[in-house]
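Undergrad: The following block contains the structure, expressed as structure tokens.
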Amino acid sequence: MENIKKSDDVDSPTADGNLLQPPKDKTIPTRNPLMKVRTYVLALRPWSLSGSLLPTLLGAALAYRLPGENGFNWVTLLLTLCTVIPVHGAGNVVNTYFDFVKGIDNRKSDDRTLVDHILSIDEVVSLGAILYMAGCAFFVLLIIMSPARMEHLALVYFGGLSSSFLYTGGIGLKYIALGDIIVLVIFGPVSVVFAFLAQTGRVDWPIFYYAIPLALNTEAILHSNNTRDLEADSKAEIVTLAILIGRTASHLLYAFLLFTPYIMFVVASVRCSLWFLLPMLTLPRAFEIERRFRCPETMQYVPRQTARLNFYFGMLYMISCLFASKLPFLLR
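Just so we're aligned, residue 1 is where the sequence shown starts under the UniProt record's numbering, counting upward by one.
Shown next, in the form of structure tokens:
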């Protein structure tokens, strides 16, 4: 009995630490607000935003060379960018949501926002709604500043906005092999025309030709992504162009999308101005990325590398249009 009593009187060590030390208070880690903001930014896939940024800047550059009656307005350019970029970001968020809901994204996917619970579904939905509202708010300001007629701007803007949602939302054009067409149209002619129209109040139809190199280069980003995810998309029972034509033809198509713009620049440099040789500086990098695309071990990195190439390619192209003495189909 005495032994039992003694053992009852003796305190036993606890999980909190040594007997000689008081137990530590349990603290709940707080979430750094800056880290939260960074999480939201990464959810927008900022590496892909060059797809809308560069055609918008290209349209503005063409408007600078062919200004309207009121000349070039830098505030209008800023409002145009603030209108286009949020809509593109919202489209990326909608893509994240529907890919997750439909069971397409998994642990091997490039977009892990919802898969790894980095953001909740409610947070992703709220982020998309906020971005669409921000784009519409800046669009209202753009209407006030722009010399273009409201109905003309609205037709182009809401056409792009609805396409960014329908890419994966609603009927889900991405899932029925129509996503490539949407990318070619929206991140090419529509964005270039929207920026040009906002500055000048008119549409010069030859500017559609200027959208082709950027549209092809941007489509290369999507096509490389779809080719990389070909097997996963097939298991998810969705249809993409890469699935329809197969892996071998997809390699050929990627090469066509990547290198055709360079051929167009060589022709333009011979006929109009040597400034159009400036984007050729990115050609060695394009060859390197194309080799990686053909290698299964390095293919997973190709979409982001193509997007990075698209940024430098587009910037040099824009500079060429700004300084060329002649612009094909526009300035003689």
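We treat Cβ as the ideally placed atom computed from N, Cα and C, and that holds for glycine.
Classify residue 101 as helix, strand or coil using the three-state DSSP reduction.
TA: Looking at residue 101 - three-state DSSP - the assignment turns out to be helix.
Undergrad: Excluding sequence positions up to five away, which residues of its chain have a Cβ less than 8 angstroms from the Cβ of residue 305?
TA: 289, 292, listed in sequence order.
Undergrad: Helix, strand or coil: which one does DSSP assign to residue 327?
TA: The answer is strand: DSSP assigns residue 327 an E or B state.
Undergrad: Using 7 angstroms as the threshold, is the C-beta distance between residue 187 and residue 51 below it?
TA: Contact: yes.
Undergrad: Using the C-alpha atoms, what's the distance from residue 62 back to residue 321?
TA: Taking the straight line joining both Cα atoms gives about 7 angstroms.
Undergrad: Helix, strand or coil for residue 171 per DSSP?
TA: Looking at residue 171 - three-state DSSP - the assignment turns out to be coil, as it is neither helix nor strand.
Undergrad: Could you compute how far the alpha carbon of residue 127 sits from the alpha carbon of residue 66?
TA: For residue 127 and residue 66, the distance between alpha carbons rounds to 37 angstroms.
Undergrad: Is residue 176 helix, strand or coil by DSSP?
TA: In this structure, residue 176 counts as strand in the three-state DSSP scheme.
Undergrad: Residue 281: buried (16+ other C-beta within 10 angstroms of its C-beta) or exposed?
TA: That one is exposed.
Undergrad: Can you find the residues in the same chain that come closer than 7 angstroms, C-beta to C-beta, to residue 211, ignoring five residues on each side of it along the sequence?
TA: Hits under 7 angstroms: 55, 188, 189, 192.
Undergrad: What are the start and end residues of the alpha helix (DSSP H) that includes residue 228?
TA: Run containing residue 228: 207-228, per the alpha helix (DSSP H) assignment.
Undergrad: Given residue 198, which residues of its chain have a CB within under 7 angstroms of its CB, disregarding the five upstream and five downstream residues?
TA: 76, 80, 142, 146, 148, 153.
Undergrad: Evaluate residue 10 with the Cβ neighbour count: other Cβ atoms within 10 Å of its Cβ, from every protein chain shown; 16 or more gives buried, anything less gives exposed.
TA: Here the model assigns residue 10 a pLDDT of 44, short of 50, so the residue's position is not dependable, and the following value carries that caveat. Residue 10 should be labelled exposed.
Undergrad: Taking all protein chains shown into account, decide if residue 174 is buried (16 or more other Cβ within 10 angstroms of its Cβ) or exposed.
TA: Residue 174 comes out buried.
Undergrad: With DSSP collapsed to three states, give me the class of residue 185.
TA: Three-state DSSP puts residue 185 in a helix.
Undergrad: For residue 115, which of helix, strand or coil comes out of DSSP?
TA: DSSP places residue 115 in coil when its eight states are reduced to three.
Undergrad: So for residue 203, helix, strand or coil by DSSP?
TA: The answer is coil: DSSP assigns residue 203 none of H, G, I, E or B.
Undergrad: Enumerate in chain order the residues of its own chain whose CB-to-CB distance from residue 57 is below 7 angstroms, with the five nearest sequence positions on each side excluded.
TA: So the list reads 318, once near-sequence residues are dropped.
Undergrad: For residue 239, which residues does DSSP report across the bridge?
TA: In DSSP, residue 239 forms a bridge with 176.
Undergrad: Among 266, 273, 326, 279, which residue has its Cα nearest to the Cα of residue 311?
TA: Per the Cα distances, 279.
Undergrad: In three-state terms, what does DSSP make of residue 54?
TA: It is helical.
Undergrad: For the alpha helix (DSSP H) containing residue 166, name the first residue and the last one.
TA: Run containing residue 166: 150-166, per the alpha helix (DSSP H) assignment.
Undergrad: So for residue 29, helix, strand or coil by DSSP?
TA: Caution is warranted here: a pLDDT of 45 is assigned to residue 29, below 50, making its placement in the model unreliable, and the coordinate value is therefore given only provisionally. It is coil, neither helix nor strand.
Undergrad: Does the pairing of the stretch 84-98 with the stretch 224-238 give three or more beta-carbon distances under 8 angstroms?
TA: The stretch 84-98 is not in contact with the stretch 224-238.
Undergrad: Report the CB separation of residue 121 from residue 39 in whole angstroms; it is logged as a contact under 8 angstroms.
TA: Between residue 39 and residue 121 the Cβ distance is about 14 angstroms, and since that is not below 8 angstroms, they are no contact.
Undergrad: Distance check for residue 208 and residue 265, CA to CA, integer angstroms please.
TA: Their Cα atoms are separated by approximately 15 angstroms.
Undergrad: Are the CB atoms of residue 59 and residue 196 within a distance shorter than 7 angstroms?
TA: Yes, Cβ-Cβ distance for residue 196 and residue 59 is below 7 angstroms.
Undergrad: Quick one: measure Cβ to Cβ for residue 230 and residue 242, integer angstroms, because I've assumed they're closer than 8 angstroms.
TA: Rounded, the Cβ-Cβ distance is 5 angstroms, consistent with contact.
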